[in-house]
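Quick note: the sequence shown uses my numbering, first residue 53, plus one each step.
Notes for the one structure printed next.
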Amino acid sequence: DSTLVTAAQPNYRYYLLDSASSAGSPASTQALSSQVLPSTSSDLFSSLQYYLNPWDPSFSSDCGANVLAAWELVPSGSSVTIATIDTGVDPAHRDLAANIDTAHMATITKSLNVKVGSMADGDGHGTHVAGIAAAAAGNSRGIAGSSANARLLPLRVFYQQGGEWVCNTAMIVEAYEYLDGLVESGQLTGLHVINISLGSYQSTAVDERLRSSIAHMRSEHQVLTVCAGGNGDDLTGRPYTMKSYPADFDECLSVTSLEADGTNARWSDFNEYKDLSAPGVGILSTITDATAASYASSSPSLLRQRASHDSYGYMDGSSMSAPLVAGIAALLWAANPALSADEAVSALTSTAHAVNPARNDYSQA
């Protein structure tokens, strides 16, 4: 009965913006500073997390997000939850397990079944993303997530098809509705950030159903969606200026990538809809055992440590920049739980450094 249909739209397909199988070149890690970070981080590889450094040439030639200083201003033991909508996570990873909300983590299947408690990471992308935002800090192991121990709620939406990891509008919307239900019922408190490191270039059409879900969580529950801004053309290495979604929705915080020296990553997308930039080159984080094995055989310089459920490696991409910002957003809510999403965005954008040059235009290169 057509009278029962209020709206209809395509079920858009979305892709990973970076895959663990196509990580950045070893050269991207060779120029990183070896300076040891301040003693506020006791984690084993903290000296390699340049992106936690101050943005201060007198301290280091690398430009970070000044995360460690922010940790001094927030209560210990974060009450904030970051949800990641991605390829999943390794729930047994020794630098993630303590922060994972295992009671609510879930896999959304192609048939839109929500399998609560079911979790794995077939690609490795989601595990790397998760560590950047919420790896256990101060445990003398691995790395430290930028959020200073926010709770991590992983939702897996990707499945493999024809050699690619894909998902669609319905699956992502189902993830949002699952989170909405948890918040509405009081089962989940402290959720303020959702990280999405996926995207699709839609030149004319707009995924209004997904946009509505993102807007609802922001307006009704003060939950901010932080999105990877896009990595340009894989073949030419040049950035796109066309819109990418969900990053370029007004309701999202779109994050592009910087080199370690604070300049735009050559491949990082740009347009008027991007909101912030953050380090996205040579980012060390947690990886799955399968990713570690792949690195060991093909790109050993990207592998920092290989051990069962305790491996770490480098990746490049706006998929890495977004969770860094997501973790910092969680710090804002840890310091002031009454913040609105709009106030959090204002705090992030108004205190950011200007990138010079602002335009990442290599179209004539």
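Just so it is clear, CB atoms sit at the ideal spot from N, CA and C, and this is done for glycine as well.
Range covered by the alpha helix (DSSP H) that runs through Ser-370: In the DSSP assignment, Ser-370 falls within the unbroken alpha helix (DSSP H) covering 370-387.
Which of helix, strand or coil DSSP assigns to Tyr-103: Tyr-103: helix per DSSP, three-state reduction.
Would you decide whether Arg-208 is buried or exposed? Buried here means 16 or more other CB atoms lie within 10 Å of its CB. Buried, by the Cβ-count rule.
Would you kindly report the start and end of the unbroken alpha helix (DSSP H) that includes Ser-271? Where Ser-271 is concerned, the enclosing alpha helix (DSSP H) stretches over 260-273.
Answer with buried or exposed for Ser-94, where buried requires no fewer than 16 other C-beta atoms within 10 angstroms of its C-beta. So Ser-94 ends up on the exposed side.
Just to confirm before moving on: does the CB-CB distance between Asn-220 and Ala-378 stay below 7 Å? No; because the gap between Cβ atoms is not below 7 Å, this pair is not in contact.
Endpoints, beta strand (DSSP E) assigned at Ser-350: Membership of Ser-350 in any beta strand (DSSP E) is not indicated; the residue belongs instead to the alpha helix (DSSP H) covering 341-350.
Kindly indicate which three-state DSSP category Ala-144 falls into: helix, strand or coil? Coil at Ala-144, not helix or strand.
Contacts around Ser-296, its chain only, beta-carbon distance under 6 Å, and the 5 residues preceding and following it disregarded: Closer than 6 Å at the Cβ level, and outside the excluded window around Ser-296, lie Gly-251, Tyr-253 and Gly-282.
Candidates Ala-359, Tyr-325, Ser-199 and Leu-243: closest to Ala-121 by CA position: Nearest C-alpha to Ala-121: Ser-199.
Using CA atoms only, rank isn't needed, just tell me which of Ala-381, Tyr-366 and Ser-392 is closest to His-180. Ranking Ala-381, Tyr-366 and Ser-392 by Cα distance to His-180 puts Tyr-366 first.
May I ask you to check if the CB of Asn-283 is nearer than 6 Å to at least one heavy atom of the ligand COA? Among the components of this structure there are no ligands whatsoever, and the ligand COA is therefore not found.
Roughly how many angstroms lie between the CA atoms of Glu-324 and Leu-354, to the nearest whole one? Cα to Cα, the separation comes out at about 33 Å.
Apply the 10 Å Cβ neighbour rule to Gln-61 and answer buried if 16 or more other Cβ atoms are within range, or exposed otherwise. Counting of Cβ neighbours within 10 angstroms places Gln-61 among the exposed residues, the total staying below 16.
Do the CB positions of Ala-188 and Asp-147 come within less than 7 Å of each other? Taking 7 Å as the Cβ cut-off, Ala-188 and Asp-147 qualify as a contacting pair.
In whole angstroms, give me the CA-to-CA distance for Leu-96 and Ile-224. Looking at the two C-alpha atoms, the distance is approximately 35 Å.
Cutting at 6 Å between CB atoms, please list the residues of its own chain near His-273, excluding the five before and the five after it. So the list reads Val-235, once near-sequence residues are dropped.
Sequence-distant residues of the same chain with beta carbon closer than 6 Å to Ser-329, five excluded per side: These residues qualify, in order along the chain: Thr-308, Leu-310 and Val-407.
To which residues does DSSP link Ser-216 through a beta bridge? One point to set straight first is that residue 216 is Glu, not Ser, in the sequence displayed. In the DSSP assignment, Glu-216 is bridged to Gln-213.
How many whole angstroms separate the CB atoms of Tyr-230 and Val-278, which I take to be in contact at a CB cut-off of 8 Å? About 18 Å; that fails the 8 Å criterion.
Counting only the same chain and skipping the five closest in sequence on each side, list residues whose C-beta sits under 7 Å from that of Asn-63. Hits under 7 Å: Asn-220, Thr-221 and Ala-222.
Across the stretch 190-206 and the stretch 129-139, are there enough close Cβ pairs to call them in contact, namely three or more that are closer than 8 Å? The stretch 190-206 makes contact with the stretch 129-139: 3 or more CB pairs, one atom from each, lie closer than 8 Å.
Span of the beta strand (DSSP E), counted from its first residue to its last, around Ser-207: Checking the displayed sequence, the identity of residue 207 turns out to be Leu instead of Ser. From DSSP, the beta strand (DSSP E) with Leu-207 extends over 203-208.
Apart from the five residues just before and just after Ile-152, which ones in its own chain have a Cβ nearer than 6 Å to its Cβ? Closer than 6 Å at Cβ, skipping near neighbours: Pro-143 and Leu-204.
Where Ser-98 and Asn-118 are concerned, what is the direct C-alpha to C-alpha distance, given to the nearest angstrom? Their backbone Cα atoms lie some 13 Å apart in a straight line.
Measure the alpha-carbon distance for Leu-240 versus Ala-135 and round it to whole angstroms. CA-to-CA, the gap between Leu-240 and Ala-135 works out to about 11 Å.
If you draw a straight line from the alpha carbon of Ser-163 to that of Gly-178, how long is it in whole angstroms? Distance between the alpha carbons of Ser-163 and Gly-178: 21 Å.
What are the start and end residues of the beta strand (DSSP E) that includes Asp-232? In the DSSP assignment, Asp-232 falls outside any beta strand (DSSP E) and within the unbroken alpha helix (DSSP H) covering 221-236.
Assuming Pro-298 and Ile-266 form a contact by the criterion Cβ under 8 Å, report the distance between their Cβ atoms to the nearest whole angstrom. The C-beta distance from Pro-298 to Ile-266 rounds to 6 Å, short enough to meet the 8 Å contact threshold.
Between the alpha carbons of Asp-259 and Val-245, how many angstroms are there, rounded? If you draw a straight line from the Cα of Asp-259 to the Cα of Val-245, it is about 21 Å long.
Look at Asp-286 and Trp-217 and say whether their C-beta atoms are less than 7 Å apart. No, they are not a contact pair.
What residues in its chain sit with their C-beta under 7 Å from that of Phe-301, if we drop five residues either side in the sequence? Same-chain partners within the cutoff: Arg-263 and Ile-266.
Only counting the same chain, and skipping five residues up and downstream in sequence, which positions put a Cβ closer than 6 Å to that of Ile-160? Counting only residues of its own chain and dropping the five nearest sequence neighbours on each side, Ile-160 has a CB closer than 6 Å to the CB of Val-166, Val-209, Met-223, Glu-226 and Ala-227.
To the nearest angstrom, how far is it from the Cα of Ser-371 to the Cα of Leu-68? Using only the alpha carbons, I get a separation of about 8 Å.
Which whole-angstrom value is the C-beta distance of Ser-249 and Asp-138, which I expect to be below 8 Å? Rounded, the Cβ-Cβ distance is 6 Å, consistent with contact.
Measure from the alpha carbon of Ala-393 to the alpha carbon of each residue in Trp-319, Leu-56, Glu-303 and Pro-106, then state which is nearest. Taking Ala-393 as reference, the option from Trp-319, Leu-56, Glu-303 and Pro-106 with the minimal CA-CA separation is Glu-303.
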